[in-house]
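Protein chains in written order, with our numbering: chain A, 36 to 345; chain B, 36 to 345. No residue lacks a Cβ here, since even glycine has one placed at the ideal position from N, Cα and C. In what follows, a single structure is set out as structure tokens and then discussed.
Right under this line is the structure:
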């Protein structure tokens, strides 16, 4: 009989969950809207009830949970979660265990995606790889010597807040010109809005409050504004990756997250910046590729961690 | 009886060598001018004869050699050495062994400095540390999980060529605005020369082709130009360190190399940039300190590697 764990990827908008077998097979996939404005008890109950339902159909006893938070792995507590502050503290795992009957293993969501892509996706087999998640924000997870690397407090991987333009746009983190200000979905929309006045021919002018997806769709149809915006995103992404490559001499950089749908619109500029700015040997070595697991990377990474702890 | 190894730090200008005991004690320190323009045979003979002399006074059979080169550790060959191209290829170690009777262990010079500072200096006891060497150029070496981290081809640690100003001054590496263009001795001199016209009161105006040391001496006397130049260097160093800290969540960043003599002139600006640009938790965690071993860091790191291979 197959062995299963339960895995969930808790985002600011949705909670995605499934039972996962040892080979990474995904079963009984389900999802729910994250009760973002709710109390901690509501969030616990929502996550635990999804997990219970999945566990009842399998023999699973372990529950891997990818969450948008800084995790203090040593003390097994959630030290910071700007998007879901209800998660913070040490009681969350205990409460989910009480309500679901499952052993809970936390993982930071960007690290979980890196682990998932390394287990079954685009960086499989690599000793040293970075997974950059381009979404509403920009996150990252690091695999070094074949294992997740989290740093001394578990905060490693924050590529989204590497400075790529010292006097660039202000960032919520307090700095200026962070990668997130150029390569996130939020930044794509901001940059397109900034350029709109100079591009009256752009189809984006006729959409009220367009999304990064709208910019992408205009881009694949050849809209000059959209193409330029994604080229700018690609350029700054390349500057950040060149730095990673010079410092860490990585085999693979995986580009994941929603914005990676527009991979073909930005990757040329990204690769050209890396060739220009990184040393020849590490620049030739690194393989910059699109994530292979799509939305499943976080769930699979969380499942992998649950299997690893058994 | 004490156990010894021979260790040398081969630079573009000088070769420094000594016998080193297991506790890091340095004995019979010696040095020679690097025969930079000489043939490979002359360089081999120069290094081997220094090592022979030191070995005769001890029981040493191993020779740790810090060199300014990219090293292919797996195949034990020197893959690139821009400053001493005579080193390149696979024969160098064999030739030194033949002429000195010692087993040769290579280490990249910046990595050797990182290992030395981690063994006995400013990052002793840290699990994750970066050592930045500010000299003619800017180099770096990385300790992760308590061990030297070199990346897949041995090129990791190249912080000097991390981009900190995308449209900044051109760099010899082919990129623009590398850290080396702001924080090396060469950059200090360039930036001071650029500012000279606006600062006719600076004592630097009266020195023909001044050095970074001259700028430093003007700075400690309060010369406005020199103070501004070191503040700019410190600012960009802080931008690069903030990126390292966000990505790697390090315990210690060591500032070593000749320019670190001016530590007090730039470190305020560096720390302030790190506080502004890195996330709060890793920014509060990281200790940014001056190297504790001065010129000996490379020799001690090379010695440590020689002891480790016995």
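### Query
Just checking, does the region 192 to 199 of chain B make contact with the region 213 to 232 of chain B on the three C-beta pairs under 8 Å criterion?
Flag = yes, the region 192 to 199 of chain B and the region 213 to 232 of chain B touch.
### Message
Let's test the definition: count the other Cβ atoms within 10 Å of the Cβ of residue 305(B) and tell me whether it reaches 16, buried, or not, exposed.
### Response
A residue is called buried when at least 16 other Cβ atoms come within 10 angstroms of its Cβ; residue 305(B) meets this threshold and is buried.
### Task
Could you tell me which of 344(B), 292(B), 334(B) and 183(B) sits nearest to residue 169(B), measuring between CA atoms?
292(B)
### Query
So, helix, strand or coil for residue 166(A), using DSSP?
strand
### Query
Within the 8 Å Cβ cut-off, does residue 320(A) reach chain B?
yes
### Task
Kindly indicate which residue of 83(A), 145(A), 162(A) and 189(A) has the alpha-carbon position closest to the one of residue 112(A).
That would be 189(A), whose Cα lies nearest to the Cα of residue 112(A).
### Query
Which residues bound the beta strand (DSSP E) around residue 183(B)?
182 to 184
### Task
Can you give me, in chain order, the residues of the region 202 to 224 of chain A that have a beta carbon less than 7 Å from any beta carbon in chain B?
208, 209 and 210
### Task
With 9 Å as the C-beta to C-beta threshold (strictly closer), list the residues of the region 189 to 201 of chain B near chain A in chain order.
189, 190, 191, 192, 193, 194, 195, 196, 197, 198, 199, 200 and 201
### Task
Return the CA-CA distance between residue 275(A) and residue 313(A), expressed in angstroms with no decimal places.
10 Å
### Message
At the level of alpha carbons, what is the spacing between residue 141(A) and residue 223(A)?
### Response
31 Å
### Task
May I ask you to list, following chain order, the residues of the region 160 to 174 of chain B that have a beta carbon less than 9 Å from some beta carbon of chain E?
You won't find chain E in this structure, because its protein chains are A and B.
### Task
Specify the secondary structure class of residue 265(B) as computed by DSSP and reduced to three states.
Of the three classes helix, strand and coil, the one that applies to residue 265(B) here is helix, per DSSP.
### Message
Give me, in chain order, the residues of the same chain whose beta-carbon lies closer than 6 Å to that of residue 121(B); leave out the 5 immediate sequence neighbours on both sides.
### Response
75 and 78
#### Entry: Neighbouring residues, chain A, relative to residue 278(B) (Cβ below 7 Å)
197, 198 and 278
### Task
Closer than 9 Å, Cβ to Cβ, to anything on chain B: give me those residues from the region 281 to 293 of chain A, in chain order.
281, 282, 283, 284, 285 and 286
### Message
Assuming the contact rule is C-beta atoms closer than 8 Å, residue 54(B) and residue 92(B) should be a hit. Round their C-beta distance to whole Å, please.
### Response
7 Å
### Message
Going by DSSP, what residue range makes up the beta strand (DSSP E) through residue 258(A)?
### Response
Run containing residue 258(A): none; DSSP gives neither H nor E here.
### Task
Measure from the C-beta of residue 187(B) to each C-beta in chain A and report whether the shortest distance is under 8 Å.
yes
### Message
Between which two residues does the alpha helix (DSSP H) holding residue 300(A) run?
### Response
298 to 312
### Task
Identify which residue in 104(B), 84(B) and 211(B) has its Cα closest to the Cα of residue 310(A).
211(B)
### Query
Are there three or more Cβ pairs, one per stretch, closer than 8 Å when the region 124 to 137 of chain B is compared with the region 149 to 163 of chain B?
The answer is no - the region 149 to 163 of chain B does not touch the region 124 to 137 of chain B, with fewer than three Cβ pairs under 8 Å.
### Task
With a cut-off of 8 Å on the beta carbons, I'd call residue 326(B) and residue 289(B) a contact; round off their distance for me.
Going by Cβ atoms, the distance from residue 326(B) to residue 289(B) rounds to 5 Å, so yes, they are a contact pair.
### Message
With H, G and I counted as helix, E and B as strand and the rest as coil, what does DSSP make of residue 272(A)?
### Response
helix
### Task
Reducing DSSP to helix, strand and coil, say where residue 131(A) ends up.
Here residue 131(A) sits in helix by DSSP.
### Message
Let's see if you can read the secondary structure: which residues bound the alpha helix (DSSP H) around residue 245(A)?
### Response
Residue 245(A) -> no alpha helix (DSSP H), and no H or E assigned at all.
### Task
With DSSP as the reference, label residue 280(A) as helix, strand or coil.
helix
### Task
Would you check if there are 3 or more beta carbon pairs closer than 8 Å linking the region 93 to 110 of chain B to the region 40 to 54 of chain B?
yes
### Through-space distance from residue 284(A) to residue 186(B), alpha-carbon basis
5 Å
### Query
From the beta carbon of residue 179(B), is the nearest beta carbon of chain A less than 8 Å away?
yes
### Task
Determine the DSSP secondary structure at residue 179(A), reduced to helix, strand or coil.
strand
#### Entry: Where the region 98 to 109 of chain B meets chain A: residues whose CB sits under 8 Å from a CB there
105
### Message
For a test of your reading of the model: does the CB of residue 266(A) fall under 7 Å from any non-hydrogen atom of the ligand PLP? Yes or no.
### Response
The ligand PLP is absent from the structure shown, which contains no ligands of any kind.
### Query
Using CA coordinates, which residue listed in 227(A), 148(A) and 118(A) is at the minimum distance from residue 332(A)?
148(A)
### Message
Counting only beta-carbon separations shorter than 8 Å, does residue 306(A) have a partner in chain B?
### Response
Not one chain B Cβ lies under 8 Å of residue 306(A).
### Task
With DSSP collapsed to three states, give me the class of residue 66(A).
Looking at residue 66(A) - three-state DSSP - the assignment turns out to be strand.
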